[in-house]
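**Student:**
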Amino acid sequence: MSAIELDGIARSYGDRRALEDVTLTLDEGATLVVFGPNGAGKSTLLRILATLLRPSAGHARIFGHDVRTDGWRVRGAIGFLGHDALLYGDLTAQENLAYQARLYGLRGDAARNRIAQLLEAVGLEGRADDRVHTFSRGMVQRLAACRAVLHDPQVLLLDEPRANLDPVAAELLEPLLGRTSGRTRVITSHDPAGGLAEGDLALGLRAGRPALLRPASAVSAADIGELYR
Amino acid sequence: MSGAGLLGATRAILAKELLLERRAPQTIVAMALFSATTYVIFHFALQRDSIAGNLASGVLWVTVLLAAMLGIGRLFIADRDEGGLDGFLLAPVDRTALLAAKALTLFVFLLVLEAVAVPLFGILLLGPSPGAGGWAGVLLVLVLADLGIAVVGTLVAAIAVRTRSRDLITSILALPLLIPVVIGASRATADVFAATGAGSPGGRWLLVLALYDLVFALLAWALFDFLVED
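Sequence order for the protein chains is A and B.
Every letter in the first sequence is one number past the one before it in the numbering used here, and letter 227, counting from 1, is 227.
Each position in the second sequence, counted from 1, maps to that position plus 229 in the numbering used here.
Okay, here's the thing in structure tokens:
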């Protein structure tokens, strides 16, 4: 079954075209890795899939649900990790996750157990009652990863998920965000070697247009480098 | 995952808002200090030790309205600065929950403000104090006016938060929209604050306030989704 279908997706900001005519299909459990220089449209594509932006043209479907007309169902199926952590600095790690859990309908022991399990998984169990504004950027990123997977989404939308992370922290997040999580993933990356190793399908964007769309195994680091020239 | 129901999501957001304000008090403190300062300014500007009737009513409601503007301006600040709005929009919940929770938050802020500002008004500016019945009438007017301010304020704050000129937009949109609240509330309490005392809020003006609340609640419910989504 196709997890993600994009059909001629485009997005404009006024006269400026941020994304044009992206068409692809991604199988369930597979990983799409999106490359491209800053401003190429990677984050715009992720935000459209996350229902945070409406496409100006085309259709995007996640497990058959259109992001424009069936956003409610799409939102229940996705976890989003962007450049902003989407966490409140004056709340503790536990309070931030408990708030998100309530929005997703998780309550009581189920929520408490899930939060405790996630905080332990990312090595933050000892900081659960500390306010997030006291955290380092790497710790905030780890907590943001917990927020993204709190409701056990089928699809992960990850905007440079390993930014701000040291190798140990990146290793900690692997079971939550990595291939072993078994989730369908869309990842943006500037790292050709790391990105291609993670991806099944590679999409290269240049000025909002698809400049490359091939199985990741058929793409070289040099191909990715071309996107940045 | 299907997400929380409307009531559950509203309660979650409201609890989070009140926790944030309790943890780092900013909005209510600023609103209360502003009110106290405004009374002092009125005291010197009017060059009177005490006021009554229409004048007292007008001073109270202008002060409440301007203090409310501070609360309206800050209603979505934490969400904008820390991405909480996106965090909410990503969840599979009815957008009306955000409207309801934010309006309730502002309503609570206004009630807390008035718990400080109205007694202060009585001490610093008001002439003869109305009796218990009069104050009960004032409380009813406060609740009706606060509901209107909370709903319109939330609507305006949701528009303004996505613009660069947030403060400007808030004032330009909110103040004209809230003129009927000031008219209705100040007319309703004028008799209560009359020098002769013994007055009660005019029923006609209470009805005007209640209708205003209803109309803008329906309008906000119809428009809010479009305002918070892209």
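Note that the Cβ used here is the ideal one computed from N, Cα and C, for glycine as well.
#1: Quick one: any contact between the segment 316 to 330 of chain B and the segment 67 to 82 of chain A, if contact means 3 or more CB pairs under 8 Å?
#2: Using the three-state DSSP reduction, which class does T44 (chain A) fall into: helix, strand or coil?
#3: With distances taken Cα to Cα, identify the nearest neighbour of A387 (chain B) among B:L294, B:T334, B:F338, B:I301.
#4: Can you tell me which of the three DSSP states L156 (chain A) falls into?
#5: Judging by CA-CA distance, which residue of A:A207, A:L103, A:A221, A:L119 is the nearest neighbour of T92 (chain A)?
#6: Establish whether the CB of L318 (chain B) and some CB of chain A are separated by less than 8 Å.
#7: Do you know whose CA, among A:L81, A:D70, A:R54, A:L52, lies nearest P153 (chain A)'s CA?
#8: Please work out which residues of its chain come closer than 7 Å, Cβ to Cβ, to G282 (chain B), disregarding the five sequence neighbours upstream and downstream, and give them in chain order.
#9: What number of angstroms, rounded off, separates the C-alpha of I408 (chain B) from the C-alpha of A346 (chain B)?
#10: According to DSSP, is G182 (chain A) helix, strand or coil?
#11: What residues from chain A crowd round L333 (chain B), counting only those whose CB sits closer than 8 Å?
#12: Between T25 (chain A) and the rest of its own chain, which residues show a CB-CB distance below 8 Å, the 5 nearest in sequence each way excluded?
#13: Closer than 7 Å by C-beta to T184 (chain A): which residues in its own chain qualify, once you throw out the five before and the five after it? Chain order, please.
#14: By alpha-carbon positions, which one of B:V291, B:L371, B:L339, B:R277 ends up nearest to L304 (chain B)?
#15: Of all the beta strand (DSSP E) runs that stay within the bounds of the segment 9 to 44 of chain A, which reach a length of 3 or more residues?
#16: Roughly how many whole angstroms lie between the Cα atoms of P405 (chain B) and T383 (chain B)?
#17: To the nearest angstrom, how far is the alpha carbon of T392 (chain B) from that of L456 (chain B)?
#18: For the segment 72 to 84 of chain A, enumerate the residues whose C-beta is nearer than 7 Å to any C-beta of chain B, in chain order.
#19: From the DSSP output, in three-state form, read off R61 (chain A) for me.
#20: Run the CB neighbour count on F273 (chain B), radius 10 Å, all protein chains shown included, and call it buried at 16 or more, exposed below.
#21: Would S43 (chain A) be called buried (16 or more neighbouring beta carbons within 10 Å of its own) or exposed?
#22: Counting C-beta neighbours from all protein chains within 10 Å, is the total for L97 (chain A) 16 or more, i.e. buried, or is it exposed?
#23: Determine the chain A residues that contact E311 (chain B) at a beta-carbon separation under 7 Å, and present them in chain order.
#24: Are any of the Cβ atoms in chain C nearer than 8 Å to that of E95 (chain A)?
#25: Excluding the five sequence neighbours on either side, which residues of its own chain have a C-beta within less than 6 Å of the C-beta of G366 (chain B), listed in chain order?
#26: Are L205 (chain A) and G41 (chain A) close, meaning C-beta to C-beta below 8 Å?
#27: Please report whether the beta-carbon of V322 (chain B) lies at a distance below 8 Å from any beta-carbon of chain A.
#28: In the structure shown, what three-state DSSP assignment does P254 (chain B) receive?
#29: Would you kindly report the start and end of the unbroken beta strand (DSSP E) that includes F80 (chain A)?
#30: What's the C-alpha gap between V390 (chain B) and R309 (chain B)?
#31: By the DSSP assignment, the beta strand (DSSP E) with T204 (chain A) in it spans what residues?
#32: Can you tell me whether D310 (chain B) is helix, strand or coil according to DSSP?
#33: Name the two residues that bound the continuous alpha helix (DSSP H) containing L172 (chain A).
**Tutor:** On the basis of the supplied data:
#1: Taking a contact to require three or more Cβ pairs closer than 8 Å, the segment 316 to 330 of chain B and the segment 67 to 82 of chain A qualify as touching.
#2: DSSP places T44 (chain A) in the helix class (H, G or I) of the three-state scheme.
#3: Comparing Cα positions, the closest option is B:I301.
#4: Correct three-state label for L156 (chain A): strand.
#5: It is A:L119 whose Cα lies nearest to the Cα of T92 (chain A).
#6: The beta-carbon of L318 (chain B) is placed less than 8 Å from the nearest beta-carbon of chain A.
#7: Here the closest residue by C-alpha is A:L81.
#8: These residues qualify, in order along the chain: A419, F422, A423, A424.
#9: Between I408 (chain B) and A346 (chain B), the C-alpha separation is close to 20 Å.
#10: G182 (chain A) sits in coil when the DSSP states are folded into three classes, being neither helix nor strand.
#11: Within 8 Å of the CB of L333 (chain B), no CB atom of chain A is found; the nearest one sits about 16 Å away.
#12: These residues qualify, in order along the chain: S2, I4, E5, L6.
#13: Counting only Cβ-Cβ distances below 7 Å, and skipping sequence neighbours, we find A3, I4, L26, E28, G29, A30, Q154, V155.
#14: Minimum Cα distance to L304 (chain B) is reached at B:L339.
#15: Complete beta strand (DSSP E) runs here, min 3: 16 to 27, 31 to 35.
#16: For P405 (chain B) and T383 (chain B), the distance between alpha carbons rounds to 15 Å.
#17: Here the C-alpha atom of T392 (chain B) lies approximately 11 Å from the C-alpha atom of L456 (chain B).
#18: Close to chain B, meaning a Cβ-Cβ distance shorter than 7 Å, are the following residues of the segment 72 to 84 of chain A: W72, R75, G76, F80, D84.
#19: In the structure shown, R61 (chain A) sits in a strand (DSSP, three-state: E or B).
#20: Exposed, because fewer than 16 other Cβ atoms sit within 10 Å of the Cβ of F273 (chain B).
#21: Under this definition S43 (chain A) is a buried residue.
#22: Burial call: buried.
#23: What E311 (chain B) touches in chain A, judged by beta-carbon distance under 7 Å, is L87, Y88, G89, going in chain order.
#24: Protein chains A and B are contained in the structure displayed, whereas chain C is not.
#25: V421, S429, P430.
#26: Remark: C-beta atoms of L205 (chain A) and G41 (chain A) approach each other more closely than 8 Å.
#27: It does; some Cβ of chain A falls within 8 Å.
#28: Correct three-state label for P254 (chain B): coil.
#29: Here the beta strand (DSSP E) through F80 (chain A) covers 78 to 81.
#30: When rounded, the distance between both Cα atoms is 7 Å.
#31: According to the sequence as given, residue 204 (chain A) is Gly; it is not Thr. Taken as a continuous stretch (DSSP letters only), the beta strand (DSSP E) holding G204 (chain A) covers 201 to 206.
#32: If DSSP states are grouped into helix, strand and coil, D310 (chain B) belongs with the helices.
#33: For L172 (chain A), the uninterrupted alpha helix (DSSP H) run begins and ends at 167 to 177, by DSSP.
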